[in-house]
Amino acid sequence: MAEVSIPVCETVSLAIEPPDVENVGQLVTSAKNTSKNNPRTLNKGDYSNLFTFVIMLIGIALSSTSTSAFSKYILPLGLFGFAGGITNWLAVKMLFDRIPFLYGSGVIPRQFIAIRTNVKDTIMATFFDESYLTRYLNERASALASSVDLSSMIRNKVNDPSFDSNLAKKLNELAAKPEGAMITMLAGMFGSVELMIPQLKPIIVSLGEAIVSELTSTSFDITQFITIEKIKQELDSLMEEKLQELTPEIVKLLLEQVIREHLSWLVIWGNVFGGLIGLVSTAAGYGHEK
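Everything in the sequence shown is counted per my numbering, starting at 412 for the first residue and increasing by one.
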């Protein structure tokens, strides 16, 4: 009996739903179009920096014109708040962009190879560990096998005109050998090997369907055809190939879409804590003559 062969890629594609985006290039194109159609505007971090900068200017003006006890707190509130916010804004900026004369800036573009490698390793370790794949495939094996209409494939192959000539050729080759004496005898009863084919085809189809039914039963174990380790190797190769498309610019765009907007909270809290430090230092008497 011929061995049943299930290609690795087909097995993997049955178990894992394909992504909506066909390739990384489309995702990046979408990100670029979004950036082009929606140019960057001021976010909450920018407004927070602007607010503390205005307070700082007011404090500078009041420091030379006002003598009230309250006015002495305005300048340190604005100055320290703006210093804290602008420092955090610069730190966020340095994550994504290279800034001249600032060593260490542009961390993401410079470390894109390590980033994409860590992404792959994390996904493989988290989502495709051996125990999970084994459990998942064992649970879904019968449903996955049933989704492939192997019975129809067998019938179509047997009914193909080329099947008759191929089967006749194999039977003639077997009949020429000592172990093919039974075929020679049957061929004599039917008139020739070729005349036996129409009688054999229904038996072949029935046998094939019975084998398929047994293979796709609830006891079907896909690991009989392909090992979990082989599936992991295919997944690893697939991800490695796709990750080669991730250039520094692409990595930067993808991460910007995910986290840059939320990093503005770092700027806001820099303003808040910087302002509080300014108020506390002023209340404690630092920066003022005794």
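Yeah, the Cβ is synthetic: ideal placement off N, Cα and C, and Gly gets one too. Predicted, not measured: the structure shown is a model, and the values here were computed from it.
C-alpha of Leu666 to C-alpha of Asn549: approximately 36 Å in a straight line. Between Gly689 and Leu488, the C-beta spacing is below 8 Å.
If you ignore the 5 residues before and after Arg509, its C-beta comes within less than 7 Å of the C-beta of Ser516, Gly517 and Pro520, all in its own chain and listed in chain order. Comparing alpha-carbon positions, the option among Lys531, Met505, Asn499 and Trp680 lying closest to Glu652 turns out to be Lys531. Membership of Asn499 in the alpha helix (DSSP H) is indicated by the continuous run Ile485 to Phe507. Restricted to the region 518 to 591, the alpha helix (DSSP H) segments that are unbroken, complete and at least 4 residues in length are 518 to 521, 523 to 538, 541 to 557, 561 to 570 and 572 to 586, listed in chain order. CA-CA distance, Leu677 to Gly492, rounds to 12 Å. Leu544 has its alpha-carbon roughly 20 Å from the corresponding atom of Asn529.
Cβ contact annotation for Glu541 (same chain, cutoff 6 Å, sequence separation greater than five): Ile639, in chain order. Secondary structure of Thr476 (DSSP, three-state): helix.
Ile524 is the residue among Ile524, Ser482 and Glu590 whose C-alpha sits nearest the C-alpha of Gln655. Non-local beta-carbon contacts of Val569 in its own chain, meaning distances under 7 Å to residues more than five positions away in sequence, involve Lys612, Ile615 and Val616 in chain order. Setting aside the 5 residues that flank it on each side, Phe539 is surrounded in the same chain by Lys643 and Leu646, each with a C-beta closer than 7 Å to its C-beta; the list follows chain order.
Looking from the CA of Val662, the closest CA among Leu506, Phe636, Ile594 and Ala536 belongs to Leu506.
Under the DSSP assignment, Asn682 falls in the alpha helix (DSSP H) whose first and last residues are Ser675 to Ala694.
Secondary structure of Pro511 (DSSP, three-state): coil. Judged by DSSP secondary structure, Gln644 falls within the alpha helix (DSSP H) whose first and last residues are Ile639 to Leu654.
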